[in-house]
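Remarks on the structure that follows.
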Amino acid sequence: MSVSREPPAVSSRFALAAPRARAAWLFLVLGLASVASLLAALTFGSFPVDVVHVIDSIVFPLPGVVHDVIWNLRAPRALAAFACGGLLALAGTLLQVLLRNALADPYVLGVSGGASLGALLALTVGAGAAAMSLAAFAGAVGAIVIVFGLTYRAGDWNVYRLLLTGVVLSAGLSALISLTLVLAPDAQLKGMLFWLMGDLSQSASAAPAWLVLIALTVLAIAASLRLDLFALGELKARSLGVAVGPLQIGVFAAAALATVTAVVLGGAIGFIGLMAPHAIRLAGIAQHRALVPLSVLLGGSLLTIADTAARTAWAPQQLPVGIFTALIGVPAMLFLLGRSR
Amino acid sequence: MLRCAGLTLAVPGRVLCAGLDVGFNSGEMWAVLGRNGTGKSTLIHALAGLARPALGRVELDGVPLAGIDARGRARQIGVLLQIEEGTYWGSVLDYVLLGRFPHAGLWAGYAARDVDEAEGALHAVGMSACAMQRYATLSGGERQRVRIAQILAQRPGIFLLDEPLQHLDLAHQALVLTLMGARVREHDETAVMVLHEPLWIGRSCTHALIFSGDGGVDSGPAQALLTRERLEHAYGCRLREVEHGEGRCFVPDV
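Which chain is which? The protein sequence lines are X and Z, in order.
Residue numbering for the first sequence is 7 to 347, as defined by this note's numbering.
Residue numbering for the second sequence is 2 to 255, as defined by this note's numbering.
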């Protein structure tokens, strides 16, 4: 049997060099973007501070008004924004691979619906910020438990059922949220709308969120080779030696934890979880080893910039940050989509 | 050696085969034949340890498959699935590299050796030129060749191939069977292939396993097993025997 053969491959090292160089390049760009976004968040605001003074205050922290503004007012919020964005991007990346669905975002499992309902009910009864966070947390965990309980029974796991259960539960929660909005006293309404569109002005300490973000990112990178295989389907992943069941539960738990942490910190901020991983993929990165950390950096810096815009664009009036994640993200995403073949 | 003992396969409401005892030895190339829906893919899945049989067991060198860890099993048994779900966003080379997962360090990732294996496999199926192209942009036949490259890069000693020739043109059907034949003969490996192509079965395979469609299974050396009566019964279709230079093959008599 004679079969035409092509000449020997000469590509050898180039083949892997190209995507690695691209990933390194993206790490550099997004690393700088992250630093720049945090600096911008410390610099801009109603109290004028020069970026030189910001850097000065970071390098030589001396007490004073500038120091107070930067470290007590802006830094906690900037760090909360970055952690929140990173967590949403991480959750989106994990859920897109778990559900093998490009449209999955952190909220498909009903987490945002549960958290929103909890927060709104707390607002209705006039609860404070801490009680509201607690209620949001309870609502999110409740939604996760319901979705997981209905989907995972006796070792049987089906990602389509998981997705559908999440979507159905979200629809129900959305109806309850509308009902709460309609019945709520007018005085509470604006606070509720803010919460629903994402709002970082009430953020509690970002330290736990950073811990969760760093731990989950490291775990996701550790599982990255398995996640790559998972994208090919359950059977294929198993045939290549992945213990699929434990991995699915781990990814579900990680995504749920990331989403709950982010939602309690900043409300239901849309867009970032869906789009950050897609933007990185459109830039030519498919392997999770690079995709996971790059998405986290992109989500974090995007939300930090959006939050800075949200509190300065209409100052002294603050706007919900969700408006800005979309206003910044949509054109960028459309550009990337138009550019890719 | 891969062997199944007392293997009973069933899908809801139907028993596909009962008490199957077959040994797939090194140096043997098996054709798994039968009508649609008779249990060929289910057998491949059971042999690969991907589906638990209703009864019986599958052993790899005397050790039950269930007792071997997943990555260790994947170093010895490679499976080409008939249908692959999911979308792959990466390049062709990235896709083939996934076949190296059983050999890769979980932290260190894929090494230069793995890339060499992947590139060698792509070269073997004539897809080197497309290495950097996105997998999703390939045609059906090209994807099939790349999927075969992936299993070649995996370097298992036992190949379980569910319809390896689907979507392939004649030249590439020949190429794939030549590659498999070389692995089986020169490296003393084992190939078990679900085939429908009448042209190749008698020429390439040393053994055959035929699902007769009524729950019965015949297995043995291909020469003795591949008779017109048996195949007509298995396929439920009249066949004509065609002589060619190297032997005979069967085509539908319609």
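No residue lacks a Cβ here, since even glycine has one placed at the ideal position from N, Cα and C.
What does a CB cutoff of less than 7 Å around residue i pick up in its chain, not counting 5 residues either side in sequence?
i                      : result
residue 247 of chain Z : 204
residue 82 of chain Z  : 163
residue 72 of chain Z  : 103
residue 173 of chain Z : 142, 146
residue 57 of chain X  : 45, 49
residue 198 of chain X : 126, 129, 187, 190
residue 315 of chain X : 330
residue 46 of chain Z  : 52
Going by DSSP in three states, residue i sits in which element: helix, strand or coil?
i                      : result
residue 189 of chain X : helix
residue 90 of chain X  : helix
residue 311 of chain X : helix
residue 225 of chain X : helix
residue 131 of chain X : coil
residue 119 of chain Z : helix
residue 273 of chain X : coil
residue 106 of chain X : coil
residue 51 of chain X  : coil
residue 116 of chain X : coil
residue 110 of chain Z : strand
residue 111 of chain X : coil
residue 167 of chain Z : coil
From the DSSP output, read off the bridge partner residues of residue i.
i                      : result
residue 92 of chain Z  : Z:135
residue 9 of chain Z   : Z:56
residue 241 of chain Z : Z:252
residue 30 of chain Z  : Z:192
residue 79 of chain Z  : Z:160
residue 211 of chain Z : Z:34, Z:219
residue 65 of chain Z  : Z:60
residue 18 of chain Z  : Z:10
residue 3 of chain Z   : Z:25, Z:61
Within a Cβ cutoff of 8 Å, which residues of the same chain sit near residue i, ignoring the five residues on either side of it in sequence?
i                      : result
residue 108 of chain X : 102, 284
residue 19 of chain X  : Per-residue confidence for residue 19 of chain X stands at a pLDDT of 49, beneath the threshold of 50, marking its modelled position as unreliable; no derived number is given.
residue 180 of chain Z : 125, 126, 149, 153
residue 263 of chain X : 218, 222
Does the Cβ of residue i have 16 or more other Cβ atoms within 10 Å, making it buried, or fewer, making it exposed?
i                      : result
residue 211 of chain X : exposed
residue 52 of chain X  : exposed
residue 220 of chain X : exposed
residue 66 of chain X  : exposed
residue 95 of chain Z  : buried
residue 113 of chain X : buried
residue 196 of chain X : exposed
residue 14 of chain X  : Residue placement at residue 14 of chain X is flagged as unreliable, the pLDDT there being 43, under the threshold of 50; the coordinate-derived value follows with that caveat. Label assigned to residue 14 of chain X: exposed.
residue 295 of chain X : buried
residue 228 of chain X : exposed
residue 249 of chain Z : exposed
residue 224 of chain X : exposed
residue 100 of chain Z : buried
residue 224 of chain Z : exposed
residue 166 of chain X : exposed
residue 27 of chain Z  : exposed
residue 151 of chain X : exposed
residue 140 of chain Z : exposed
residue 115 of chain Z : buried
residue 301 of chain X : buried
Let me check understanding here. Comparing Cα to Cα, which of the options lies closest to residue i?
i                      : options                    : result
residue 17 of chain Z  : Z:51, Z:251, Z:56          : Z:56
residue 199 of chain Z : Z:36, Z:15, Z:10           : Z:36
residue 340 of chain X : X:294, X:298, X:282, X:311 : X:282
residue 74 of chain Z  : Z:160, Z:141, Z:235, Z:165 : Z:160
residue 233 of chain X : Z:231, Z:91, Z:201         : Z:91
residue 158 of chain Z : Z:30, Z:14, Z:15           : Z:30
residue 327 of chain X : X:183, X:55, X:29, X:84    : X:84
residue 72 of chain X  : X:87, X:54, X:205, X:86    : X:54
residue 251 of chain X : X:323, X:159, X:272, X:309 : X:159
residue 24 of chain Z  : Z:13, Z:40, Z:67, Z:48     : Z:48
residue 123 of chain X : X:134, X:110, X:31, X:144  : X:144
residue 203 of chain X : X:179, X:156, X:182, X:272 : X:272
residue 241 of chain Z : Z:252, Z:217, Z:86         : Z:252
Please list, in chain order, all residues of the same chain as residue i whose beta carbon is under 6 Å from its beta carbon, the five residues on each side excluded.
i                      : result
residue 307 of chain X : 39, 40, 43
residue 245 of chain Z : none
residue 19 of chain Z  : 9
residue 236 of chain X : 103, 243
residue 132 of chain Z : 93, 94, 123
residue 216 of chain X : 89
residue 277 of chain X : 331, 332, 335
residue 303 of chain X : 36, 40
residue 146 of chain X : 117, 120, 121, 266, 269
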